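*Asks:*
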Amino acid sequence: MRLAVLVTHPVQYFAPVFRELAQQPDLEVKVFFGCNHGVIPSQDPNFGVVFKWDCQPTVGFEHHFLSTSSLVNLQGLAGVRLATKAAVAISRYKPDAVLIFAYSPAFITTSTLLLHILGHKLMLRAETTDEALTRSCFKDKIRQFILSCYYRQFTHFFPIGTNSINHYCRMGVDKSRLTVVHYAIDTDFFQKQVDYWLPQREYLRHKAGIGQQDYVLLYCGKMFRAKNPLVIPEAIGMRSPVERGKIWLLAVGDGELREQFERIAKAQLGERAIFVGFKNQSELGQYYAMADALILPSQSGETWGLVVNEALQFGLKVIVSDKVGSAKDLITDDNKGWIFHSGNVGELSKMISEAIMVTKWSSANWETLPHPKKLAEAVYLKVRVYD
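With the UniProt record's numbering applied, the sequence shown covers 1 to 387.
(1) Which full runs of the beta strand (DSSP E) of 3+ residues lie inside the UniProt domain "Glycosyl transferase family 1" (202–356), going along the chain?
(2) How is the beta strand (DSSP E) around residue 155 delimited, first residue to last?
(3) Can you grab the Cα-Cα spacing for the pair residue 151 / residue 236, in whole Å?
(4) In whole angstroms, give me the CA-to-CA distance for residue 133 and residue 373.
(5) Just verifying my parser: in three-state terms, what is the DSSP assignment at residue 198?
(6) Does the ligand SAM have a heavy atom nearer than 7 Å to the CB of residue 197?
(7) By DSSP, does residue 108 sit in helix, in strand, or in coil?
(8) Can you tell me which of the three DSSP states residue 160 falls into?
(9) Pick out whichever of 299, 319, 182 has its Cα sitting closest to the Cα of residue 371.
(10) With DSSP as the reference, label residue 101 as helix, strand or coil.
(11) Taking its Cβ as the centre, do 16 or more other Cβ atoms sit within 10 Å of residue 175, making it buried, or is it exposed?
(12) Can you tell which of 6, 234, 315, 301 has its C-alpha closest to the C-alpha of residue 344?
(13) Given that a residue counts as buried once 16 or more other Cβ atoms are within 10 Å of its Cβ, and exposed if not, what is residue 215?
(14) Determine the extent of the alpha helix (DSSP H) in which residue 184 is found, giving its start and end residues.
(15) By how many angstroms is the C-alpha of residue 41 removed from the C-alpha of residue 202?
(16) When you compare each of 7, 279, 241, 231 to residue 297 by their alpha carbons, which one comes out closest?
(17) Pop quiz: residue 198 and residue 289 are said to be a contact at Cβ under 8 Å. What is the actual Cβ separation, rounded to whole angstroms?
(18) Taking the beta carbon of residue 283 as the centre, do at least 16 other beta carbons fall within 10 Å, making it buried, or is it exposed?
(19) Rounded to whole angstroms, what is the Cα-Cα separation between residue 208 and residue 358?
(20) Given a cut-off of 8 Å on the beta-carbon distance, is the pair residue 30 and residue 64 in contact?
(21) Is the beta carbon of residue 331 closer than 8 Å to that of residue 355?
(22) On the premise that residue 122 lies in contact with residue 61, defined as a C-beta separation below 8 Å, what is that separation, rounded to the nearest angstrom?
(23) Quick one: using the 10 Å Cβ neighbour count with 16 as the cut-off for buried, is residue 412 buried or exposed?
(24) Answer with yes or no whether the minimum CB distance from residue 94 to chain E is below 8 Å.
(25) In its own chain, which residues sit with a C-beta less than 6 Å from the C-beta of residue 326, not counting the 5 before and 5 after it?
(26) Between which two residues does the alpha helix (DSSP H) harbouring residue 385 extend?
(27) At the level of alpha carbons, what is the spacing between residue 348 and residue 223?
(28) Candidates 160, 158, 119, 168: which alpha carbon is nearest residue 390's?
(29) For the candidate residues 24, 375, 112, whose alpha-carbon lies nearest to that of residue 86?
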C-alpha cells in the first residue's frame with residue numbers, strides 16, 4: 001500500500017503523525033511539502049522573527065520538497081503553478097490514497113482539484129470550523145456553497161474536534177465519512193520535557209524570584225490582535241492590590257503587539273511581568289514548569305490552540321476564551337480550567353481570581369491527552385480499505 005501526503009511546509013505538530021504512519025506495517029508513505037519553511041531560517045509573519053524548528057520536523061519519514069520558495073509563494077498564481085508540479089509528482093508516486101492537510105492556500109486548493117481530476121482517492125485533515133471567524137450572512141452562504149462543492153472531492157475526513165465535526169455536517173458531509181481524531185502535539189517529545197523540567201520547578205521559580213505563595217500566569221504564543229493578549233493585563237488590573245501582589249505574568253512569544261503588551265503588563269506588575277521572546281520547541285518546557293495556569297484569550301482564528309495540549313501535559317490549569325476550538329474537547333470540567341466569553345474582561349478577571357484560590361499545579365495524566373498515533377492509525381485503516 002502507498003500513501004502520499006500533501007502539506008504546505010514542515011510543521012512540528014505534523015511530524016510525529018508522519019513518523020507513526022511510516023511505521024505502519026505494509027504501508028509506504030511519502031510526504032510532499034510545498035516549501036521548506038521552518039527547516040531553514042525564515043521569517044514568520046506573525047512571530048515577527050527569523051527561526052527554524054529545532055525538533056527535526058522532516059526526520060523519520062520519506063519526503064520531497066516541491067520548492068524552496070517562501071510560504072508567500074504558495075498563494076496566488078505562483079501557488080497554482082506549483083500545484084501542477086505537485087500533481088505530477090504525486091501521480092508518479094502512484095499512491096492508493098492521498099492525505100491532504102488543509103484546503104488553502106492556492107497551492108493546496110489547486111493541487112486538490114488536479115489530483116481529483118486525475119482520479120486519486122483523497123482524504124482531508126484540516127483545521128475546519130465555523131466558529132473561528134465572524135462572517136456576514138451573505139459571505140457565510142457563499143462559503144457554505146463553495147466548501148460543500150469542494151468537499152465532494154474527498155472520500156473521507158478526519159475532523160480535529162467537535163467544532164470541526166459540526167462544520168462538516170453543516171456542509172453536507174455524511175457522518176459515515178468522518179473519523180474524529182483530536183488535534184495532538186508530539187506528546188512523547190513533550191513528555192521528555194515534562195520529565196526533565198518539572199523536577200526543577202521550585203528551583204526555576206526561586207531563581208526567578210517567584211515566592212511559594214505566588215501564582216504564575218503563562219501566555220505562550222504569537223502576540224498579535226487575533227490572540228488578544230492585551231486583555232490579560234487589563235483583567236489582572238481589576239483584581240485587588242492583595243491579589244495582584246501574588247500574580248506573575250510569564251509571556252513567551254513575539255509579534256506586533258509585543259512592545260505594547262509588555263509595557264502595559266509591566267505597568268501593572270512591574271518586575272513580576274517577565275517577557276522572554278520567541279522560544280523554540282525544545283526551550284518551552286522550563287516555562288510551562290514554572291507556571292500555574294495558561295491563559296489563551298483569543299478573539300478570532302483559534303481553530304484549536306495546541307498550547308492548551310502542552311499546558312495540560314505539564315499539569316497546568318487553563319483559562320481560555322470561547323473562541324478557542326479545543327475548549328469543548330479538552331476543558332471538560334473545572335479540574336482542567338475555565339472558559340470565558342471572548343472579550344469579557346470582567347469574566348476573565350474573575351476566573352483568574354478563582355484560579356488563584358483553587359489548588360495549584362498538580363501532575364497530569366498525559367496518557368489521556370490526544371496522541372499523534374491515533375491519527376496515523378485511523379489513516380492507515382482507511383488506506384487498507386482503498387488498497
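In this text, a Cβ means the ideal position worked out from N, Cα and C, and glycines have one as well. Note that the coordinates shown come from a computational prediction; the quantities given were computed from them, not determined experimentally.
*Replies:* The short version:
(1) 215–220, 247–252, 273–277, 293–296, 317–321, 337–340
(2) 154–157
(3) 44 Å
(4) 30 Å
(5) helix
(6) Looking for the ligand SAM in the displayed structure turns up nothing, as the structure carries no ligands at all.
(7) helix
(8) coil
(9) 182
(10) strand
(11) exposed
(12) 234
(13) buried
(14) Unbroken run through residue 184: none, as it is neither H nor E.
(15) 34 Å
(16) 231
(17) 5 Å
(18) exposed
(19) 23 Å
(20) yes
(21) no
(22) About 20 Å separates the two Cβ atoms, so there is no contact after all.
(23) Outside the displayed range of the chain (1 to 387) lies residue 412, so it cannot be described from this structure.
(24) Here chain E cannot be found, since the structure has a single protein chain.
(25) 304, 305, 308
(26) 372–386
(27) 18 Å
(28) Coverage of the chain is limited to positions 1 through 387, which leaves residue 390 absent and any answer about it impossible.
(29) 112
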